[in-house]
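Let me begin by presenting the structure, written as structure tokens, before commenting on it.
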Amino acid sequence: MTYNFNEIEAKWQKYWAENQTFKADNKSEKPKFYVLDMFPYPSGAGLHVGHPLGYIASDIYARYKRHQGFNVLHPQGYDSFGLPAEQYAIQTGQHPALTTEENIKTYRRQLDQIGFSFDWSREVRTSDPSYYKWTQWIFIQLFESWYNNDTNKAESIETLIAVFASEGNSKVNAVCDDAIAPFSAEDWNNYTSKEQQEILLKYRLTYLAETEVNWCPALGTVLANDEIINGVSERGGHPVIRKKMTQWSMRISAYAERLLQGLDKIDWTDSLKESQRNWIGKSVGASVSFNVIKSVSSVAVETAYKIDVFTTRPDTIFGVSFMTLAPEHELVSKITTEAQKAEVEAYVLATAKRSERDRMADVKTISGAFTGAYAEHPFTKQPIPVWIGDYVLAGYGTGAVMSVPCGDQRDYDFAKHFNIEIPNIFEGVDVSKEAFSDKDKTFIANSDFLNGLNYKEATKKAIEELEKLGQGEGKTNYRLRDAVFSRQRYWGEPFPVYYVDGMPQMIAAEHLPIKLPEVEKYLPTETGEPPLGNATVWAWCTETNQVVSNSKINNTTIHPLELNTMPGWAGSSWYFNRYMDSSNTEEFASKEALNYWKDVDLYIGGSEHATGHLLYSRFWQKFLFDKGLVPVDEYAKKLINQGMILGESAFLYIIEGRLTNETEDVSAFCQIIISKEFYSNLEKKEGYIEELGEPLAKFLDKELGVFQEFNKNYIYLKKSFKAFKTSNIDVSYVNIHNELDLLSLSEDKRYERLQNAHFFDGNNVIQNKDISFETRIKVSREVEKMSKSKYNVVNPDQICEEYGADSLRLYEMFLGPLEQYKPWNTAGITGVHGFLKKLWKLYVGENGLLVNDAEPSKDSLKTFHKTIKKVQEDIENFSFNTSVSTFMIAVNELTAQKCTSKDILEPLLILLSPYAPHIAEELWHQLGYNESIATAAFPEFDASHLVESSKNYPISFNGKMRFTLELPMDFDAKQIEEVVMAHEKTKEQLAGRTPKKVIIVPGKIVNIVG
RNA sequence: GCUCAAGUGGCGGAAUUGGUAGACGCGCCGGAUUCAAAAUCCGGUUCUUCGGAGUGCGGGUUCGAUUCCCGCCUUGAGUACCA
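Counting from 79, one number per residue, gives the positions in the first sequence under my numbering.
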């Protein structure tokens, strides 16, 4: 009987599915353990070998925990709303729901063949109305809430309305929009309903407001900050511009401090926490208010304008020599004097024309303009010129700064450029060449009451004095901005929102879900409305509480519905809670289920979600916690980022040249051999030939005439041009050369091999040595992201077919540490595959089962117990790569020991089963079990089997090990020294010298210093 | 620029309360088996002038450093005029 992995794996996958082996129960005597993967977006390309890496790791952990006696929840689902399905729909007219369904089928088939222990009965799909019903429901809860800074939590909007009605808004301490005018209870009660709604919108946790958003014209939608990388869209790399639009936003800024604090109590990687901390961007300082001087010389400023700034350095307030406003600042047009008007307007216009990206790219050019206005220093009462400059960002702080050139390099450069004075307020510091920002290394000078104080003292004092004047206070600022929540897309969750008199109204929860309407086309309408503007049945009837035809809109009983849809992160912000009770139609999950499973014990996924999904989902969880809807405010206790598996792209240079004489140029040409399959799909190939500066397809197309047949599978091209580099040569081509193993050979050997290589000269297949040219060939590999467009994708289906799922699982783990980026090399899989065959042979011989009741040998017990110890430690440390090698060592040793004992071979299967579940299950049943191995108890480690009677001591001289010596374990230092010093090799090493010192650590090492 | 992570054979990587550097696997070399090949098995494989040297580079602490400290270099990731 040989190891027939295809048959075995299919058999047990079927068995697990039929017996619902991995179905988790919401009630159990066992302790719970929740292992979660970031659910995939089901793309049309299917899985490549990089995708399952994290799933394999989490599956090993989940299976291990089952062996440990835990009730394990290990679910999987699909984040199935998203852009690619929609773009495909635009191109083909196919409904995204259909392509999504097909893609999910492919994903499911691919996932199933790897043998994951998912509880599929709990599957979720974010695009399923039974799921997004609850996404809509949570949205409504956010709308109906405000953030109370006094209680530091979200509260029902009703409580706010009650306060407004009884005492106005003066005492309300809420996170809300800036610049809400104060009103009394009387005012409130006299406001119209619409006025009241407008005010409430400024407090709600999700709100509709006209804000500056990131608009991506190419994608036709707005993007959140985390969807923009280096000023272009994350998806597609399209330019992004700032634009004022009325959009839904999420008041995540309300949770900035709690999102920051919460990081301390969760076991996530430091780098990920660091990313989130940077993103939240807390800075502690003060807000300072500068009065604009009403008249300076001939200029008169009518109103008493104030410029508010935020600074982290209130201690430097006496160093202020000018102020700078962002060009977009609302005061610019109001305070600019007649004389400066032309210059300022020209500058504002020039800045507005520059895209975000240009401004980011060009940080060195200093530009600005003087407004002609002056502000008054709060303490000295001296006039301070007010400038505008694009180094001040409208979106951060107040969009204005107090400029302290001696303490800030940007202010310094600006001052130098425009010849503004640079007063020094630092004791013993020279600021004639650059600003001094090493705040802890000096004392404040020339600053009235701050003189002689250090940074900390001066900061405190300055804030105290500002507060006395009523012109400032201590303030903490966060970089975290509210997140734009609407997208001008079709394939997303519809909002449960209709409009009455322009004001948004929530549809009552009992009428959810509001299903995505059918549309003729998935593009924006001719009038520029989002795709839902194409829907004909998309209005809300408040009498029947149904979606009805748009033509019936009368604005009394039938109103227009929201045309935007929710962003991709909506559905993924709470899915981990839904798995706990995914079929519940009454609640997003029952209280019992939520209280039982509570939170995720282990979450595995990619680090690319650091400032997107992983931040938004924490925000929603905290909100749900505030509302008493979930029992914990952090949903994932531990999170691990799996590294990416990279593809190896083959690069190839072939230069065949003939030197006619020393002065003439080398005439060089390329040979390319590609597969016919590659050639026939030429128009689909997207690669780029760097040296020639043109697309691969275009290049090859141009050279059609010179293609000739190499053999039945390959085509040959010969032409006189320079060697080129492309990642898109079919891998099978390089494999021809791989037979030569050019890379691993020395230069000489490589040349020799090439001499024997077969090439095609255009007419005949010839050996390279028959070519009289001097031949230089270079083959190299470069590691890059695995991607369809780079032709370096390895499909797990093929691996499973050829080596089996257990081999795939083991190999993905064996590749290296889970969190590391590492290249895939299919050739290496023979190592783990060979291990499985060897393991099989330990159990099954040609005439059947080899396992018997023989007493295990001492050596075998030792091998087994050290394996238990190591594997257990490894799993708990997520060091899966090292346990694979531990298994290899164990099997090598047990094979050498000719171990046949059931006492060892049987529990060994339990150790292995998380990693290679199919072969473990098969052998388990062959040993006579009728139940799955999945819940068999993990073997107990017994240290007594590892006790040694002797130790092979390394004998070092000056720290260098020179030889080893086997000595009894119970020898003390003195006994060891006697034996070692008497040893002839010691004498040889010392060569007559007397050692200065002898270090002996019993049980560890001997070191002789001499 | 700032923040974080990482640099070990031909390759993936192993080893840290400081104690035998290179486990395990790939690849390569040699051998067995075979008419031959595949598969399988056995042996070797850091470099070396055979004294030794050696974990990115230069210092330091130590009896002893891949591991700790100081200063650099390189690579990768994140972030970027954040006041």
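Note that beta-carbon positions come from the ideal geometry of N, C-alpha and C, so glycine has one too.
For residue i versus residue j, is the C-beta distance shorter than 9 Å?
{"i": "A453", "j": "I371", "result": "yes"}
{"i": "S938", "j": "D952", "result": "no"}
{"i": "D981", "j": "E933", "result": "yes"}
{"i": "V626", "j": "A613", "result": "no"}
{"i": "L1096", "j": "T663", "result": "Residue coverage of the chain in this structure runs from 79 to 1088, which leaves residue 1096 outside it and unanswerable."}
{"i": "N369", "j": "Q549", "result": "yes"}
{"i": "F504", "j": "G485", "result": "yes"}
{"i": "I522", "j": "D393", "result": "yes"}
{"i": "D704", "j": "K231", "result": "yes"}
{"i": "N326", "j": "S564", "result": "According to the sequence displayed, residue 326 carries Trp and not Asn. Their beta carbons are under 9 Å apart, which means W326 touches S564 by this criterion."}
{"i": "L278", "j": "I235", "result": "yes"}
{"i": "F697", "j": "N555", "result": "no"}
Measuring only the C-alpha atoms, how far is residue i from residue j?
{"i": "A714", "j": "G340", "result": "11 Å"}
{"i": "D518", "j": "S367", "result": "26 Å"}
{"i": "I750", "j": "V871", "result": "Note that I750 has pLDDT 49, beneath the 50 cutoff, so the model's placement of it is unreliable and no number is given."}
{"i": "L730", "j": "E862", "result": "Low confidence applies here, because L730 scores a pLDDT of 46, under 50, leaving its location unreliable and the question unanswered by this model."}
{"i": "I723", "j": "I997", "result": "25 Å"}
{"i": "T80", "j": "A95", "result": "25 Å"}
{"i": "K940", "j": "N955", "result": "22 Å"}
{"i": "V1087", "j": "R1040", "result": "13 Å"}
{"i": "I218", "j": "M584", "result": "7 Å"}
{"i": "D1050", "j": "I1011", "result": "47 Å"}
{"i": "D743", "j": "P118", "result": "Its pLDDT being 30, under 50, D743 is placed unreliably by the model, and the measurement read from it follows with that caveat. Approximately 55 Å, taken between the alpha carbons."}
Mind checking residue i: buried by the 16 CB within 10 Å criterion, or exposed?
{"i": "A259", "result": "exposed"}
{"i": "I946", "result": "buried"}
{"i": "S1022", "result": "exposed"}
{"i": "L1024", "result": "exposed"}
{"i": "P295", "result": "exposed"}
{"i": "R329", "result": "buried"}
{"i": "E1026", "result": "exposed"}
{"i": "A974", "result": "exposed"}
{"i": "N1085", "result": "buried"}
{"i": "A257", "result": "exposed"}
{"i": "S195", "result": "buried"}
{"i": "M658", "result": "buried"}
{"i": "P1046", "result": "exposed"}
{"i": "A88", "result": "exposed"}
Can you check DSSP and say which residues form a bridge with residue i?
{"i": "A252", "result": "N226"}
{"i": "Y653", "result": "Note: Y653 sits in no beta bridge, so no partner."}
{"i": "E862", "result": "G725"}
{"i": "D345", "result": "K716"}
{"i": "N149", "result": "K110"}
{"i": "F1035", "result": "K1038, I1086"}
{"i": "T402", "result": "W465, V479"}
{"i": "M328", "result": "T284, A561"}
{"i": "T299", "result": "C294"}
{"i": "P572", "result": "T643"}
{"i": "N369", "result": "K384, E454"}
{"i": "A232", "result": "Y225"}
{"i": "M581", "result": "V578"}
query = Does the segment 273 to 291 come close enough to the segment 675 to 685 to have 3 or more Cβ pairs within less than 8 Å?
reply = no
key: the segment 908 to 925 contacting the segment 956 to 973, beta-carbon criterion three pairs below 8 Å   = yes
request  = Decide if the segment 574 to 589 is in contact with the segment 348 to 355; the criterion is three or more beta carbon pairs, one per stretch, under 8 Å apart.
outcome  = no
request  = Report yes or no: do the segment 396 to 410 and the segment 475 to 486 share at least 3 C-beta pairs separated by less than 8 Å?
outcome  = yes
request  = Specify whether the segment 107 to 122 and the segment 146 to 159 touch according to this definition: at least 3 beta carbon pairs, one from each stretch, less than 8 Å apart.
outcome  = yes
inquiry  = Whether or not the segment 249 to 259 and the segment 715 to 723 are in contact is what I'm after, with contact meaning three or more pairs of Cβ atoms, one per stretch, closer than 8 Å; do they touch?
reply    = Three or more Cβ pairs closer than 8 Å define a contact, and the segment 715 to 723 falls short of that threshold against the segment 249 to 259.
task = State whether the segment 920 to 934 contacts the segment 976 to 990, with contact taken as three or more CB pairs (one from each stretch) at a distance under 8 Å.
result = yes
message = Does the contact criterion of 3 or more C-beta pairs under 8 Å hold for the segment 200 to 207 versus the segment 1003 to 1011?
response = No: fewer than three Cβ pairs fall under 8 Å.
query = Three or more beta-carbon pairs under 8 Å between the segment 607 to 622 and the segment 630 to 648, yes or no?
reply = Yes: the two stretches touch, three or more of their Cβ pairs being nearer than 8 Å.
task = May I ask you to verify whether the segment 987 to 994 touches the segment 117 to 131, counting CB pairs closer than 8 Å and requiring at least 3?
result = no
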